[in-house]
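Peer 1: In order, the protein sequence lines correspond to chains A and B. For the first sequence, our numbering assigns the number 1 to the initial residue and increments by one for each residue that follows. For the second sequence, our numbering assigns the number 1001 to the initial residue and increments by one for each residue that follows. By construction, the Cβ of each residue, glycine as well, lies at the ideal position given by its N, Cα and C atoms.
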Amino acid sequence: MIKFEILRRRSASDPPYTATVSYDRDADTTVAEALTYINAEILTDDPVAWEHSCRQKKCGACAMLINGVPKLACDAWLRDYPEGVIRLAPLRKFPPVRDLMVDRSVMFENLKMLGAWLTENADGDTEGTAYDASRCLQCGCCLEVCPNFYAGGKFSGAAALAPASRLISEAQGADRKRLYGAYNERFYRGCGKSLSCRNICPAGIDTERLLVSSNAAAVWKRLFRRGKKK
Amino acid sequence: MKVINIIGAGLAGLSAALTLAEKGIHSRLISVLPSERAQSVLAEGGINAALDTMGEDDTRELHFEETMRGGVMLADPAAVKALTDGAPGIVERLAALGVPFNRNPDGSLMLRSFGGQKKKRTAFAQSSTGKMIMTSLIDAVRRYEADGLVERLSHHTMIRLLIKDGVCAGVRVRDDYGGRLYDYAGTVIIACGGLNGFFPGITTGTDANSGMAASVLFAQGVKFANLEMIQYHPTTIGIPGKRCLVSEAARGEGGRLFSLKDGVRSYFMEERYPTLGNLMPRDVVSREMYSELRGGAETFLDMTGISDGTWENKLSDLREEIIHYLSLDPAKEPIPVEPGIHYFMGGIYVNTRHETCLPGLYAAGECACIYHGANRLGGNSLLGAVFGGMTAAQSVSGYRDRPRLTDGAFNGADELDCAPSEAFSASLGYMLREGLGIVRNDSGIRAALENVQMLGYGNAAERAKKALAEAMLYSALGRMESRGAHYREDFPETFEGFRSVTAAEYRDDAVRITFEDIGQGGVDNDKV
Chain A
1 MIKFEILRRR
11 SASDPPYTAT
21 VSYDRDADTT
31 VAEALTYINA
41 EILTDDPVAW
51 EHSCRQKKCG
61 ACAMLINGVP
71 KLACDAWLRD
81 YPEGVIRLAP
91 LRKFPPVRDL
101 MVDRSVMFEN
111 LKMLGAWLTE
121 NADGDTEGTA
131 YDASRCLQCG
141 CCLEVCPNFY
151 AGGKFSGAAA
161 LAPASRLISE
171 AQGADRKRLY
181 GAYNERFYRG
191 CGKSLSCRNI
201 CPAGIDTERL
211 LVSSNAAAVW
221 KRLFRRGKKK
Chain B
1001 MKVINIIGAG
1011 LAGLSAALTL
1021 AEKGIHSRLI
1031 SVLPSERAQS
1041 VLAEGGINAA
1051 LDTMGEDDTR
1061 ELHFEETMRG
1071 GVMLADPAAV
1081 KALTDGAPGI
1091 VERLAALGVP
1101 FNRNPDGSLM
1111 LRSFGGQKKK
1121 RTAFAQSSTG
1131 KMIMTSLIDA
1141 VRRYEADGLV
1151 ERLSHHTMIR
1161 LLIKDGVCAG
1171 VRVRDDYGGR
1181 LYDYAGTVII
1191 ACGGLNGFFP
1201 GITTGTDANS
1211 GMAASVLFAQ
1221 GVKFANLEMI
1231 QYHPTTIGIP
1241 GKRCLVSEAA
1251 RGEGGRLFSL
1261 KDGVRSYFME
1271 ERYPTLGNLM
1281 PRDVVSREMY
1291 SELRGGAETF
1301 LDMTGISDGT
1311 WENKLSDLRE
1321 EIIHYLSLDP
1331 AKEPIPVEPG
1341 IHYFMGGIYV
1351 NTRHETCLPG
1361 LYAAGECACI
1371 YHGANRLGGN
1381 SLLGAVFGGM
1391 TAAQSVSGYR
1401 DRPRLTDGAF
1411 NGADELDCAP
1421 SEAFSASLGY
1431 MLREGLGIVR
1441 NDSGIRAALE
1451 NVQMLGYGNA
1461 AERAKKALAE
1471 AMLYSALGRM
1481 ESRGAHYRED
1491 FPETFEGFRS
1501 VTAAEYRDDA
1511 VRITFEDIGQ
1521 GGVDNDKV
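#1: Helix or strand or just coil, what does DSSP make of Glu1496(B)?
#2: Could you give the C-beta distance for Leu1455(B) and Ala1214(B), rounded to a whole number, given that I count them as a contact under 8 Å?
#3: Tell me, please, whether the stretch 117–128 of chain A touches the stretch 58–76 of chain A by the rule of three or more beta-carbon pairs shorter than 8 Å.
#4: Cβ closer than 7 Å: which chain A residues qualify as neighbours of Leu1042(B)?
#5: Spell out whether any CB of chain D is found under 8 Å from the CB atom of Glu1145(B).
#6: Considering only the alpha carbon of each residue, which of Lys1120(B), Met1229(B) and Thr1391(B) lies closest to Glu1056(B)?
#7: Between Ser1427(B) and Ile1202(B), what straight-line distance do the alpha-carbon atoms span, to the nearest angstrom?
#8: Where does Ala216(A) land, buried or exposed, given buried means 16+ other C-beta within 10 angstroms?
#9: Taking its Cβ as the centre, do 16 or more other Cβ atoms sit within 10 Å of Thr1502(B), making it buried, or is it exposed?
#10: Determine which residues of the stretch 1134–1164 of chain B have a Cβ less than 9 Å from any Cβ of chain A, and write them out in chain order.
#11: Hey, could you find the ends of the alpha helix (DSSP H) Met1132(B) is sitting in?
#12: In three-state terms, what does DSSP make of Ile1239(B)?
#13: Closest to Thr30(A) by CA distance: which of Lys177(A), Leu88(A), Arg9(A) and Phe94(A) is it?
#14: Would you say Ala182(A) lies against chain B (beta-carbon separation less than 8 Å)?
#15: Are there 16 or more other CB atoms within 10 angstroms of the CB of His1486(B), so buried, or fewer, so exposed?
#16: In chain order, which continuous runs of the alpha helix (DSSP H) of length 4 or greater are located wholly inside the stretch 1182–1259 of chain B?
#17: Quick check on the DSSP output: the beta strand (DSSP E) that includes Ser22(A) runs from which residue to which?
#18: So that I know if they touch, is there some Cβ in chain B lying closer than 8 Å to that of Asp14(A)?
#19: Inspect the beta-carbon positions of Cys1168(B) and Gly1365(B) and report whether they are closer than 8 Å.
#20: Per the DSSP calculation, Val1439(B) is bridged to which residue(s)?
#21: Is there a Cβ from chain B that is less than 8 Å from the Cβ of Val240(A)?
#22: Give a yes or no on whether the minimum CB-CB distance between Cys1192(B) and chain A is below 8 Å.
#23: For Glu1066(B) and Asp1085(B), what's the separation of their Cα atoms in angstroms?
#24: Answer with buried or exposed for Ser22(A), where buried requires no fewer than 16 other C-beta atoms within 10 angstroms of its C-beta.
#25: Rounding to the nearest angstrom, what Cα-Cα distance links Met1134(B) and Pro47(A) in this structure?
#26: Thinking C-alpha only, which one of Phe1101(B), Ala1219(B), Ser1482(B) and Gly1484(B) is nearest Arg1507(B)?
#27: Are any of the Cβ atoms in chain B nearer than 8 Å to that of Thr30(A)?
#28: Please name the residue in Asp1442(B), Gly1107(B) and Arg1142(B) whose C-alpha comes closest to that of Lys1151(B).
#29: With H, G and I counted as helix, E and B as strand and the rest as coil, what does DSSP make of Asn67(A)?
#30: I'd like to know if Pro163(A) contacts chain B, where contact means its C-beta is closer than 8 Å to some C-beta of that chain.
#31: For my contact list, Leu143(A) and Ala164(A) are in at a C-beta cut-off of 8 Å; report their separation, rounded to the angstrom.
#32: For Asp14(A) and Pro90(A), I'd like the C-alpha separation in whole angstroms.
#33: Could you give the C-beta distance for Leu161(A) and Thr207(A), rounded to a whole number, given that I count them as a contact under 8 Å?
#34: With a threshold of 7 Å (Cβ to nearest heavy atom), would Tyr1184(B) be considered close to the ligand FMN?
#35: Examine the Cβ distances between the stretch 45–61 of chain A and the stretch 96–105 of chain A and report whether three or more of them are shorter than 8 Å.
#36: Nearest by alpha-carbon distance to Gln138(A): which of Lys193(A), Tyr81(A), Ser105(A) and Gly181(A) is it?
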């Protein structure tokens, strides 16, 4: 028997409350599956709102706090919580919508402000950075644990580091200069290098490696080149 | 100002938005979830194009022929020709957008073998090709979002089309955060994905796909085609809540299927099909696996012969995924696999310009029936989605319609502002699965149809979904032959007389099925 304690709220303006549900089925499954069962069979008239899509940790939809840790519900197995209590709560860095749903649009707005796109043809990346960085799910788990990120701030966190790193690794010409500047302003200057994002990524992206390679390209080599010119 | 409403922000929707934006045309990208959550990110193996970089003398003509043959001659040849001719340009464009495709030592795009194709023709980025293409296209479209040419309406659900004077004049959507309804005027491109929502829990797709967008269109009179053509992918594994795809790339890179019975291994595909072996088209492989399974054997995929270098450079994600879900290392031991529902060749009936039967309404991507005939070749779905989205956008850009509605909040009640219950969808899915398996027959389809017809509905969404489910079964019942993914054990032969499109319509509260000549879908909007 597993006890689910689910932090719910009817809307952003309603106060949160905890709903407790007993789940007595097979533990060899995921939190996502258990939630599906709970909604279909137990809370039929008032199902828990949560975002979900791929069910195989490739889309980032079902990110939530599970016993306080940001995780994908489809990648959290009941057997890994032997104490028998699983607490589900919405991510806290984003505005609440209802129940476990939050509004993560700030991540996409930040990428727009960063100018995360190319205007010229990509210059083929040969070091695998583009591939690794392109795996980012935009789930927001990294922002949840980041001591420097808050919604509305200029610092855009590792959820912007990954797309920026992909683009920096492939940019040429005017794109390169533009992206270097934006990276400095919206990432490098705000990152306290706590690296709390390092082991939290559900896609297993090595944020430290991206940080090192993008800092090298956008900050250090650039400064060095500038110095040499003088 | 002309604004095009695109329903769905997956690959086809993004492709349409990008093409429109490049022409300076505004669009709204309306989707239940952001693009990162779309099913397109799950595509693994690659995208086909006769780039001929592997020294095998591949040609666009051969791509055309194999796509037609793979679809058992049911696709519109004019559409397929445009698709296969356009493929090399599309893949080169994607590379220019920064998709990190695997490359040959000389820098050219590396191609791999895929099912139903005699030449290496599938460009790929390891085994996460869909995700890589999506990332690049999302960034490309973002540029135009910043310019105001593309407006994103994520967390919005399509409620219905707004039809005026027999023309699609706009769309009604619900903001899922606040629950309010809005009417948006303008031409509509549907890019809502396949019909996974009709088979909850047993497909390789996403569960964000409810099948409701397609159901509403059908209930509103939009013509569908070839609904009986459902692709079972040969190699899937069961994971909590769904079937998980094991990419065809596993076989393209050397994986071998075998069955095991009484301790004896049989490499049945290689024994029965000496030329293409494990890389026969998916309908054939799935049917052979079904026959092994029905004979009491278990079926496995043996990837132990794949080299370390190939695992590392071409299939690293796949290996990780299998270890994660099965606790088996596919490089060291065979894994158990079974066929699972993967793709819907049928859907909204469109013509080569991606026009539907309703003026002002276009469709692209998996929701549209056009390129894949009775069976889709691996590597042609990403291609069809990008090409379809582009083509629909190009057609839309030439469509001149006068404004018939104005944008604004809709304050009334809409009977379609509801959803099917989980119990309803689960029951319907179970009934469909019984009638529309890999091997079908008259009595099985009829039994499923009776069950569906007896299933009560509690709201307008359930009624619409039930109607489209009936159409799927009636289509399967009417096609009294075997062709591609539709195998009838009571009619095991393919008949030339059935080389026609199964058209399904909902008129006067009833499903009507007719067989039409290939290539007759859609109306020419320029002549309306």
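Peer 2: Put simply:
#1: Mapped onto the second sequence, residue 1496(B) falls at position 496. If DSSP states are grouped into helix, strand and coil, Glu1496(B) belongs with the helices.
#2: Taking the second sequence and counting its residues from 1, the one referred to as residue 1455(B) is at position 455. Taking the second sequence and counting its residues from 1, the one referred to as residue 1214(B) is at position 214. Not confirmed; about 18 Å, so no contact.
#3: Segment contact: the stretch 117–128 of chain A against the stretch 58–76 of chain A, fewer than three CB-CB distances shorter than 8 Å; contact not assigned.
#4: If you number the second sequence from 1, residue 1042(B) lands on position 42. Residues of chain A passing the Cβ test: Cys54 and Lys58.
#5: Of the protein chains in this structure, namely A and B, none is chain D.
#6: For the purposes of this step, residue 1056(B) is taken as the residue at position 56 of the second sequence. That would be Lys1120(B), whose Cα lies nearest to the Cα of Glu1056(B).
#7: Sequence index remark: in the second sequence, residue 1427(B) carries index 427 (1-based). Sequence index remark: in the second sequence, residue 1202(B) carries index 202 (1-based). In a straight line, the C-alpha of Ser1427(B) is about 13 Å away from that of Ile1202(B).
#8: Residue 216(A) sits at position 216 when you count from the first residue of the first sequence. Result: exposed.
#9: Taking the second sequence and counting its residues from 1, the one referred to as residue 1502(B) is at position 502. Buried, since its Cβ has 16 or more Cβ neighbours within 10 Å.
#10: Within the stretch 1134–1164 of chain B, the residues whose Cβ lies closer than 9 Å to some Cβ of chain A are Met1134, Thr1135, Ser1136, Ile1138, Asp1139, Ala1140, Val1141, Arg1142, Arg1143, Tyr1144, Glu1145, Ala1146, Arg1152, Ser1154 and His1155, listed in chain order.
#11: As a first step, residue 1132(B) is located in the second sequence; it is residue number 132 there, counting from the start. Element bounds for Met1132(B): Thr1129 to Asp1147.
#12: On the second sequence, residue 1239(B) is found 239 positions in, with the first residue counted as 1. Here Ile1239(B) sits in strand by DSSP.
#13: For this step, residue 30(A) is matched to residue 30 along the first sequence. Of all alpha-carbon atoms in Lys177(A), Leu88(A), Arg9(A) and Phe94(A), the one lying nearest the alpha-carbon of Thr30(A) is that of Leu88(A).
#14: Numbered from 1 along the first sequence, position 182 holds the residue referred to as residue 182(A). Output row for Ala182(A): interface = no.
#15: As a working note, residue 1486(B) is residue 486 in the second sequence. A buried status is given to His1486(B), since no fewer than 16 other beta-carbon atoms sit within 10 Å of its beta-carbon.
#16: Taking only runs of at least 4 residues, the alpha helix (DSSP H) segments lying wholly in the stretch 1182–1259 of chain B are 1212–1219 and 1249–1252.
#17: In the first sequence, counting from the first residue as 1, residue 22(A) sits at position 22. Here the beta strand (DSSP E) through Ser22(A) covers Tyr17 to Tyr23.
#18: Along the first sequence, one-based indexing puts residue 14(A) at 14. No, its Cβ sits nowhere closer than 8 Å to a Cβ of chain B.
#19: For this step, residue 1168(B) is matched to residue 168 along the second sequence. For this step, residue 1365(B) is matched to residue 365 along the second sequence. Result no, Cβ atoms of Cys1168(B) and Gly1365(B) do not sit closer than 8 Å.
#20: Here residue 1439(B) corresponds to residue number 439 of the second sequence, with the count starting at 1. As a beta-bridge residue in DSSP terms, Val1439(B) pairs with Tyr1487(B).
#21: Here chain A comprises residues numbered 1 to 230, so residue 240(A) is not present and cannot be evaluated.
#22: Counting from 1 along the second sequence, the entry for residue 1192(B) is found at position 192. No, no contact with chain A.
#23: On the second sequence, position 66 is the one that residue 1066(B) refers to. On the second sequence, position 85 is the one that residue 1085(B) refers to. C-alpha separation (whole angstroms): 13 Å.
#24: For this step, residue 22(A) is matched to residue 22 along the first sequence. Label assigned to Ser22(A): exposed.
#25: Indexing the second sequence from 1 puts residue 1134(B) at position 134. Indexing the first sequence from 1 puts residue 47(A) at position 47. Cα atoms of Met1134(B) and Pro47(A): separation of roughly 31 Å, rounded to the nearest angstrom.
#26: As a first step, residue 1507(B) must be located in the second sequence, where it is residue number 507. If you compare the alpha carbons of Phe1101(B), Ala1219(B), Ser1482(B) and Gly1484(B) with that of Arg1507(B), the shortest gap goes to Ala1219(B).
#27: Looking up residue 30(A) in the first sequence gives position 30. Judged by the 8 Å Cβ criterion, Thr30(A) is in contact with chain B.
#28: Working through the second sequence from its first residue, we reach residue 1151(B) at position 151. At residue 1151(B) the sequence reads Glu, which differs from the Lys that was named. Answer by Cα proximity: Arg1142(B).
#29: Taking the first sequence and counting its residues from 1, the one referred to as residue 67(A) is at position 67. Asn67(A): coil per DSSP, three-state reduction.
#30: Residue numbering aside, residue 163(A) sits at position 163 when the first sequence is read from its first letter. It does: the Cβ of Pro163(A) has a partner Cβ on chain B nearer than 8 Å.
#31: The residue you call residue 143(A) lines up with position 143 of the first sequence. The residue you call residue 164(A) lines up with position 164 of the first sequence. Not confirmed; about 14 Å, so no contact.
#32: By one-based count along the first sequence, residue 14(A) stands at place 14. By one-based count along the first sequence, residue 90(A) stands at place 90. Answer to the nearest angstrom: the Cα atoms are 14 Å apart.
#33: Indexing the first sequence from 1 puts residue 161(A) at position 161. Indexing the first sequence from 1 puts residue 207(A) at position 207. Between the beta-carbon of Leu161(A) and that of Thr207(A) there is about 6 Å, and that keeps the pair under the 8 Å contact cut.
#34: Judged by which ligands are present, the structure shown has none, so any question about the ligand FMN falls away.
#35: When C-beta atoms of the stretch 45–61 of chain A are compared with those of the stretch 96–105 of chain A, three or more pairs fall below 8 Å, so the two segments count as touching.
#36: Looking up residue 138(A) in the first sequence gives position 138. In terms of Cα proximity to Gln138(A), the closest of Lys193(A), Tyr81(A), Ser105(A) and Gly181(A) is Ser105(A).
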